[in-house]
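The structure appears right after this line, and notes come after that.
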């Protein structure tokens, strides 16, 4: 079950940009940090948040850790339309009941 | 742009339904507690139980955008990462009313939402990569 961590994770523009990069394929911390003016510890800290949210997985490749995107937890965010369809159906029925009671 | 549409037949005429949609006390009974006022530009909130797993603190921030009694009301609906618009349209149907609820703007207003739709939709390429350096400098400063 995805937790609130998913929403915290994508609330940061930096982490969204990291996910954007990872969507093109797995990367090492070095690869993620190198093109930008960003220290490895700073990248690692953001990756930890993403990992805790279940959005990236970590694997050891030789002496490096590689990070890979796992988009599955994002489905909870994309599910808004289904959520709101049920919400409005439920409340439309409550409105009907209210009007029938009050006349 | 993804939207949700729900319609409901109500046995009462539009004038009566309009009351239930725009009187704060009646609105609270079928939807949520609120401080709504029927005036364009009025900002108000709906308050309900927080849903932490959806990143929702229980407050919906709204602004009245259109008000045409007894035919149409439109208001913005912002909660958590959502920035959307709700429209309620009323049309006479026999002795009653057809209420159409339309909730728009689920996938292209919020950066987080755009990202999610992009990744899940498979159309995701590193177009944000150029912005990363600038973002990082901003965050640090």
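Protein chains in written order, with the working numbering: chain C, -10 to 92; chain U, 1171 to 1311.
Ideal placement from N, C-alpha and C gives every residue a C-beta, glycine not left out.
Checklist entry - Checking contacts by CB at 9 Å: is residue 1276/U closer than that to chain C? => result yes
Checklist entry - Can you list the alpha helix (DSSP H) stretches of 4 or more residues lying completely in the segment 1232 to 1260 of chain U, in chain order? => result none
Next on the checklist: Going by DSSP in three states, residue -4/C sits in which element: helix, strand or coil?
Outcome noted: helix
Checklist entry - List, in order along the chain, the chain C residues whose C-beta lies closer than 7 Å to that of residue 1199/U? => result 87
Checklist entry - Hey, residue 1318/U and residue 1207/U: beta-carbon distance below 9 Å or not? => result In the structure as shown, chain U starts at 1171 and stops at 1311, and residue 1318/U therefore has no counterpart that could be examined.
Checklist entry - If residue 10/C sits next to residue 16/C, beta carbons under 8 Å apart, how far is it from one beta carbon to the other, in whole angstroms? => result 6 Å
Item to check | Local Cβ density within 10 Å of residue 1261/U, reported as buried at 16 or more and exposed below that | outcome: exposed
Checklist entry - With a Cβ-Cβ cutoff of 9 Å, do residue 1241/U and residue 1184/U count as a contact? => result yes
Checklist entry - Taking the Cβ atom as the reference point for each residue, do residue 58/C and residue 0/C lie within a distance shorter than 9 Å? => result no
Checklist entry - Quick one: what's residue 17/C bridged to in DSSP? => result 55/C
Checklist entry - Just how far apart, CA to CA, sit residue 32/C and residue 1275/U? => result 32 Å
Next on the checklist: Within 9 Å of any Cβ in chain U, is that where the Cβ of residue 173/C sits?
Outcome noted: No answer is possible for residue 173/C: it lies beyond the span of chain C, which begins at -10 and ends at 92.
Checklist entry - Which residues in the same chain have their Cβ closer than 7 Å to the Cβ of residue -6/C, if we skip the five residues on either side of it in sequence? => result 41, 42
Checklist entry - For residue 1242/U, which residues in chain C fall below 7 Å Cβ to Cβ? => result Neighbours of residue 1242/U on chain C: none; closest Cβ ~16 Å, over 7 Å.
Checklist entry - Residue range of the alpha helix (DSSP H) that residue 82/C falls in? => result 69 to 91
Item to check | Same chain, Cβ closer than 7 Å to residue 1269/U, neighbours up to 5 away in sequence not counted | outcome: 1177, 1178, 1180, 1187, 1258, 1260
Checklist entry - Quick one: is residue 1255/U near chain C, going by C-beta distance under 9 Å? => result no
Checklist entry - Whose C-beta lies closer than 6 Å to the C-beta of residue 1298/U among residues of the same chain, with five residues either side of it excluded? => result Reliability of the predicted coordinates at residue 1298/U is poor, the pLDDT of 39 falling under 50, and the value obtained from them is presented with this limitation in mind. Here the set comprises nothing.
Checklist entry - CA-CA distance, residue 1215/U and residue 1234/U? => result 11 Å
Checklist entry - For residue -4/C, which option in 81/C, 44/C, 7/C, 28/C has the closest C-alpha, if you only look at C-alpha atoms? => result 44/C
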